[in-house]
Amino acid sequence: MCPALTSHPETRACLIEAALTCFAKDGYDATSIRTISSAADKNSSLIAYYFKNKEGLYREVIKYLLDRFNPGPLRSGPESEPADPADGRSRLRAHIRRLLSEVEAHFHSVDPLKDAAARLFLSEIHAPKDEVKDLLQARLEPSVRELRSCIRALRPDLSPAEVDFWGITIQGSCVGHALRSEINRLVWTEADSHLPLDEMADRLTDFVCHGLMRS
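In our numbering, the protein residues as written are 89 to 303.
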């Protein structure tokens with residue numbers, strides 16, 4: 089619960105954090121303004137005052153989530169300047185490791201909102217709402233640009249559609265290993281759940297490069 093009497097910035101942040109938790113728990117459609125205001129211990133009229141409506145509040149929640157759990161800027165060159173072929177593999181491996189380490193860092197965080205943030209973010213990745221598609225695109229675009237650059241360095245002959253296919257494949261592989269660790273332990277019972285991050289990055293890089301060079 090947030091205290092009823094706070095300064096304006098604190099009130100706004102309190103509503104956003106309460107909304108994040110409610111949206112993550114019950115979903116957007118099942119979460120009402122009254123539910124959020126009750127969780128924040130605030131008057132429901134404050135939501136209209138700060139955010140106009142539920143749609144406006146939801147957009148601010150996603151902004152807040154992306155800012156609070158931002159791993160930092162990705163250092164990559166413009167997409168029009170592909171990585172040099174000599175370092176394409178090493179840059180790809182570094183990027184795969186970065187994707188894996190970001191997820192690992194999130195789930196080892198002591199932030200009290202980490203679980204709610206992960207659930208809400210994954211729900212948006214699965215079925216993004218129109219109100220926040222631009223925010224998700226802006227967040228993911230640097231990673232997409234770097235993957236395209238690395239793939240083009242290794243296979244300059246690929247068409248744009250083929251480059252994007254491999255980019256999606258790489259992202260999917262990282263998601264499968266990093267974000268699905270709990271379910272993986274249930275169904276892939278012989279897998280090493282304590283595989284070091286560097287070894288996982290090496291294996292995924294080998295797998296991707298082998299497929300890229302044979303396609």
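We treat Cβ as the ideally placed atom computed from N, Cα and C, and that holds for glycine.
None of the values given here were measured: they were computed from a predicted structure.
Are residue 283 and residue 192 touching if we call contact CB-CB under 9 Å?
No, the pair does not count as a contact, with Cβ atoms beyond the cut-off.
For the ligand GDP, any of its heavy atoms closer than 8 Å to the Cβ of residue 105?
By its list of ligands, the structure shown contains no ligand whatsoever, and the ligand GDP lies outside what it can speak to.
Give every residue of the same chain whose Cβ lies closer than 8 Å to the Cβ of residue 156, excluding the five residues on either side of it in the sequence, and list them in chain order.
199, 201, 205
List in chain order: all unbroken beta strand (DSSP E) runs of 3+ residues lying wholly within the region 117-200.
none
Let me know the secondary structure DSSP gives residue 303 once reduced to three states.
coil
Within the continuous alpha helix (DSSP H) that includes residue 267, where are the two ends?
Per DSSP, residue 267 belongs to no alpha helix (DSSP H) and is neither H nor E.
Which residue from 212, 129, 181, 223 puts its Cα closest to that of residue 235?
181
Residue burial classification, residue 195 (beta-carbon count within 10 angstroms, cutoff 16)
exposed
Tell me where the alpha helix (DSSP H) around residue 113 begins and ends.
Run containing residue 113: 96-114, per the alpha helix (DSSP H) assignment.
Leaving out the 5 sequence neighbours to the left and right, which residues in its chain are closer than 7 Å to residue 151 when beta-carbon positions are compared?
223
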